[in-house]
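J.:
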Amino acid sequence: MGLRNILLLVVGVIGLAIVRNLIREISRIMVRRMKPDGSGPKAQQGSSDGKTSGGGKLVRDPQTGTYIDPAHAVRTKVGKTVHYFESEASRDAFLKANA
170 MGLRNILLLV
180 VGVIGLAIVR
190 NLIREISRIM
200 VRRMKPDGSG
210 PKAQQGSSDG
220 KTSGGGKLVR
230 DPQTGTYIDP
240 AHAVRTKVGK
250 TVHYFESEAS
260 RDAFLKANA
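For the record, in the sequence shown the residue sitting at position 33 is 202 according to the working numbering, with numbers rising by one throughout.
And the structure:
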């Protein structure tokens, strides 16, 4: 086995180690995004304390249970509580059920 082949083998092993670590890190990131670990959305009605991975807050639609960005939500105030909905249809169904 020549020196060139040994060098190619060493470079190949180092390259595989780098790719393996890269795949491991990507997997860890994906698992964190799929499984809330205490800092993710909590199941609460009205306004929520859930946070997105980007640091923004999410709110829970009390009708559907879906977490949404409050900047894009349909808002309705019932008493002193502001509720956030993913759509007008969800808001209307909530108001009808709680009338």
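No residue lacks a Cβ here, since even glycine has one placed at the ideal position from N, Cα and C.
(1) Give the straight-line distance between the Cα atoms of S196 and N174, rounded to the nearest whole angstrom.
(2) Specify, as a first and last residue, the run of the beta strand (DSSP E) that K246 falls within.
(3) Enumerate in chain order the residues of its own chain whose CB-to-CB distance from P239 is below 6 Å, with the five nearest sequence positions on each side excluded.
(4) Among Y236, E257 and M199, which residue has its Cα nearest to the Cα of T245?
(5) CA-CA distance, R189 and L177?
(6) CA-CA distance, G180 and K226?
(7) Quick one: Cα of I187 to Cα of R202, how far?
(8) What residues are listed by DSSP as bridge partners for R229?
(9) In whole angstroms, what is the alpha-carbon distance linking D261 and A268?
T.: Let's see:
(1) Position 27 of the sequence shown, counted from the first residue, corresponds to residue 196. Position 5 of the sequence shown, counted from the first residue, corresponds to residue 174. S196 and N174: Cα-Cα distance of roughly 33 Å.
(2) Counting from one through the sequence shown, the residue named residue 246 turns up at place 77. In the DSSP annotation of this structure, the continuous segment of the beta strand (DSSP E) that includes K246 starts and ends at V243 to V247.
(3) Locating residue 239 in the sequence shown gives position 70, where the first residue counts as 1. Cβ neighbours of P239 within its own chain (closer than 6 Å, five residues either side excluded): V228 and Y253.
(4) By one-based count along the sequence shown, residue 245 stands at place 76. It is E257 whose Cα lies nearest to the Cα of T245.
(5) One-based indexing of the sequence shown puts residue 189 at position 20. One-based indexing of the sequence shown puts residue 177 at position 8. Each residue's Cα considered, the two are about 18 Å apart.
(6) Your numbering for residue 180 matches position 11 in the sequence shown. Your numbering for residue 226 matches position 57 in the sequence shown. The identity of residue 180 in the sequence shown is Val, whereas the question assumes Gly. Rounded to the nearest angstrom, the gap between the Cα atoms of V180 and K226 is 45 Å.
(7) Position 18 of the sequence shown, counted from the start, is the residue given in the question as residue 187. Position 33 of the sequence shown, counted from the start, is the residue given in the question as residue 202. CA-to-CA, the gap between I187 and R202 works out to about 23 Å.
(8) For this step, residue 229 is matched to residue 60 along the sequence shown. DSSP lists Y236 as partners of R229.
(9) Along the sequence shown, read from residue 1 onward, the residue named residue 261 stands at position 92. Along the sequence shown, read from residue 1 onward, the residue named residue 268 stands at position 99. Near 10 Å, if we compare the C-alpha coordinates of A268 and D261.
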